[in-house]
Amino acid sequence: MAELQKLLGSEAGDHSLVLDLNEVRLVDRDVVSFLASCEAKGITLANCPAYIREWIERETTP
């Protein structure tokens, strides 16, 4: 995950970024927090499994 964070941190500009989560099957709380922060920064999460989407929503809802 650190490598992905570094890569996304180096991407700047007005272009859109998309993370394709099609092959993601297992995540932990740190990954969910990371994905939520990506969305907050405008990064699109494509093909996000339903259970991960629900977990992100629970983590970001006060």
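Heads up: the sequence shown at position 47 corresponds to 220 in the numbering used here, and the numbers run straight through without jumps. Glycine is no exception: its CB is placed at the ideal position from the N, C-alpha and C atoms.
- Look at the Cβ atom of alanine 219, then the Cβ atom of leucine 194, and state whether they are nearer than 9 Å. yes
- Roughly how many angstroms lie between the CA atoms of glutamate 176 and threonine 217, to the nearest whole one? When only Cα atoms are considered, glutamate 176 and threonine 217 end up about 18 Å apart.
- Message: Am I right that isoleucine 225 and valine 197 are in contact with their C-beta atoms under 8 Å? What's the rounded C-beta distance?
- Response: Sure, about 7 Å apart at Cβ, within 8 Å.
- At which residues does the alpha helix (DSSP H) containing valine 204 begin and terminate? 202-213
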